[in-house]
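Below is one structure; the comments refer to it alone.
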Amino acid sequence: MHHVTIANTGQTIPCAADQTILQGAVAAGIDYPYTCASGNCGACLSKLEGGNVSMLPRGDAALSPEQAANGQILACRAQPLGDVTVTWLGRGRK
Amino acid sequence: MSVAPRRNRACAKLLKDVNTILTIEGPTPSALHAIKLKLVALANKIDLFPMADFAMPVSQGRNHPLAIEDDDGMGLYLTINLPGKEAAPHDHGIWCVNAAISGAEQHDFFRRSDDGTQPGKAVIEKLGTVIVQPGHGMAMADHDIHSTAVLGNEPAVGLALYGYALARFPSVVWYHPEFASVRAGVSRRPSVTA
Numbered sequence: 012m013h014h015v016t017i018a019n020t021g022q023t024i025p026c027a028a029d030q031t032i033l034q035g036a037v038a039a040g041i042d043y044p045y046t047c048a049s050g051n052c053g054a055c056l057s058k059l060e061g062g063n064v065s066m067l068p069r070g071d072a073a074l075s076p077e078q079a080a081n082g083q084i085l086a087c088r089a090q091p092l093g094d095v096t097v098t099w100l101g102r103g104r105k
Numbered sequence: 008m009s010v011a012p013r014r015n016r017a018c019a020k021l022l023k024d025v026n027t028i029l030t031i032e033g034p035t036p037s038a039l040h041a042i043k044l045k046l047v048a049l050a051n052k053i054d055l056f057p058m059a060d061f062a063m064p065v066s067q068g069r070n071h072p073l074a075i076e077d078d079d080g081m082g083l084y085l086t087i088n089l090p091g092k093e094a095a096p097h098d099h100g101i102w103c104v105n106a107a108i109s110g111a112e113q114h115d116f117f118r119r120s121d122d123g124t125q126p127g128k129a130v131i132e133k134l135g136t137v138i139v140q141p142g143h144g145m146a147m148a149d150h151d152i153h154s155t156a157v158l159g160n161e162p163a164v165g166l167a168l169y170g171y172a173l174a175r176f177p178s179v180v181w182y183h184p185e186f187a188s189v190r191a192g193v194s195r196r197p198s199v200t201a
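Heads up: the protein sequence lines correspond to chains G and C, in order.
Just so we're aligned, residue 12 is where the first sequence starts under our numbering, counting upward by one.
Just so we're aligned, residue 8 is where the second sequence starts under our numbering, counting upward by one.
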């Protein structure tokens with residue numbers, strides 16, 4: 012079990028290696044922004060402030076190569092490889 | 008010699024035929040079935056869609072515009088989804104027809120079964136599955152709900168025809184059985200002015 016710190020709220024939550032950061036956040040009761048939750052829309056775009064993640068398959072339109080090169084991730088596709096810190100960058104519409 | 012001129016003519020012919028169907032009947036179930044058969048017939052002409060003409064996704068999913076009508080017209084795309092690519096259950100808010108060129112994609116269909124009174128919450132139940140593979144397609148009405156997942160180890164390449172171009176899509180509504188939640192995406196529809 013890894014630890015994910017959500018910088019927006021200051022909370023640190025547990026997240027299994029086979030869970031996405033979004034799954035961990037929702038399970039912890041955090042109102043993390045998301046819409047599609049499957050790598051298609053980009054609503055959960057986040058900045059990886061520290062640590063490393065692996066990314067599940069996603070659509071090109073959801074995360075550009077430039078965004079990825081700048082350390083941005085999709086929380087719905089990112090699985091922690093260790094303890095990580097993230098900041099969500101937008102608020103998804105509900 | 009490039010097949011692009013032949014492909015463009017074939018795509019334009021499809022849109023013309025589809026407009027004829029829609030003008031007569033509107034997007035009824037029988038009309039969408041007829042449109043699906045026409046899209047399957049176009050996808051079967053695989054010589055019109057050589058992969059060398061279409062860049063692979065940078066990540067795992069990419070749409071290439073083939074024919075986009077003006078204003079509120081339809082959008083026809085060639086879609087490439089790599090193994091592992093998926094989409095959670097969603098409602099486009101506009102009708103959609105798919106047909107496979109190569110590979111296979113699983114489409115599961117759902118209906119919403121809660122009363123919709125809890126904001127942000129939803130329950131859906133699965134109705135059935137269609138495998139979109141060469142020679143086959145699927146059609147869905149404006150508010151049908153489907154999820155997609157690429158099957159096997161081969162890219163799923165296909166044609167997707169939507170009632171509106173993607174750039175003018177309504178809000179797509181996404182359902183998440185795992186979270187019992189529903190979220191609506193941002194509408195790309197032009198704002199209506201008085």
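Think of the CB as a built atom: it goes at the ideal place given N, C-alpha and C, for glycine as much as any other residue.
Predicted model only: the values in this text are computed from it and were never measured.
Neighbour flag for residue i against chain G, beta carbons, 8 Å
i        : result
ALA94/C  : yes
GLY159/C : no
GLY192/C : yes
HIS40/C  : no
ARG16/C  : no
THR27/C  : no
Chain C contact for residue i (CB, 8 Å cutoff)
i       : result
VAL64/G : no
LEU59/G : no
VAL97/G : no
PRO76/G : yes
HIS14/G : no
Per-residue contacts from residue i into chain G (C-beta, under 7 Å)
i        : result
LEU89/C  : PRO68
HIS183/C : ALA48
Under 7 Å by beta carbon: chain C residues contacting residue i
i       : result
ASP94/G : By Cβ distance, chain C contributes nothing, its closest Cβ being about 24 Å from ASP94/G, past 7 Å.
ASP71/G : PRO64, VAL65, SER66, GLY68, ARG69
Bridge partner(s) assigned by DSSP for residue i
i        : result
SER178/C : Note: SER178/C sits in no beta bridge, so no partner.
LEU59/G  : VAL97/G
PRO91/G  : VAL64/G
ASP115/C : THR136/C, SER154/C
GLN22/G  : ILE17/G
Cβ pair residue i, residue j closer than 8 Å
i        : j        : result
ALA111/C : GLN140/C : yes
MET81/C  : VAL25/C  : yes
PRO68/G  : VAL15/G  : no
PHE116/C : HIS153/C : yes
VAL37/G  : GLU60/G  : no
GLY35/G  : PRO25/G  : yes
VAL64/G  : ILE41/G  : no
GLY170/C : PRO34/C  : yes
LEU166/C : ALA50/C  : yes
ASN51/G  : ALA94/C  : yes
VAL10/C  : LEU55/C  : yes
LEU44/C  : LEU168/C : no
ARG69/C  : ILE87/C  : yes
Rounded C-alpha distance that separates residue i from residue j
i        : j        : result
ILE31/C  : GLY93/G  : 59 Å
ALA191/C : MET8/C   : 45 Å
HIS183/C : ALA86/G  : 15 Å
ARG13/C  : MET58/C  : 15 Å
HIS143/C : HIS13/G  : 44 Å
GLN22/G  : THR31/G  : 16 Å
ALA27/G  : LEU33/G  : 11 Å
PRO126/C : SER178/C : 16 Å
ALA106/C : ASP151/C : 17 Å
PRO197/C : PHE176/C : 9 Å
HIS97/C  : LEU22/C  : 25 Å
ILE17/G  : TRP99/G  : 8 Å
VAL95/G  : PRO72/C  : 38 Å
PHE61/C  : LEU85/C  : 8 Å
ALA172/C : TRP102/C : 11 Å
9 Å Cβ cut-off: residues of chain G touching residue i
i       : result
HIS97/C : CYS47, SER49, ASN51
Interface partners of residue i on chain A, CB under 7 Å
i        : result
PHE186/C : Of the protein chains in this structure, namely G and C, none is chain A.
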